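Visitor:
In the working numbering, the protein residues as written are 3 to 153.
1) Looking only at C-alpha atoms, which of 43, 78, 119, 65 sits nearest to residue 99?
2) If you draw a straight line from the alpha carbon of residue 80 to that of residue 37, how long is it in whole angstroms?
3) Can you look up residue 62 in the DSSP assignment and give me helix, strand or coil?
4) What did DSSP end up calling residue 117 once you bin it into helix, strand or coil?
5) Can you tell me whether DSSP reads residue 68 as helix, strand or coil?
6) Could you give the residue range of the alpha helix (DSSP H) that holds residue 97?
7) Just reading off the alpha helix (DSSP H) that residue 4 is part of, what are its end residues?
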């Protein structure tokens, strides 16, 4: 059953794909080490979320991401408006090699995490309010334009 799910055919197109890795403790030969589990999620045209794959590698690497993208292509995926991921630079290289037309955007969570260390703590709430208001307006306009391309 697991093998069937891992080889399941994917839709050719997803509005967005999200990529994130989490590190979990894994026991191998009586030793426990944390390894990266990459979760790939697609958002379909009818705005439903679908887990496209879960991949285990010892750490995040450009080779690992390249193998993930090759597997997604093998299973039928071809096109997305946007790939959203953390700020890991090697994702972009692997994405552009396998899917050159798909732009990469850093997830807002990671953008905020990086910005927080650069903003005074007494100004953080004010900044956060402004940040969210700007992104909500821009996202609405961008999403409406992009979705019209697909319809």
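Where is the CB? At the ideal position from N, CA and C, for every residue including glycine.
Since the structure is predicted, the reported quantities are computational estimates derived from the model, not experimental observations.
Guide: The relevant details are as follows:
1) 65
2) 28 angstroms
3) coil
4) helix
5) helix
6) 91-100
7) 4-8
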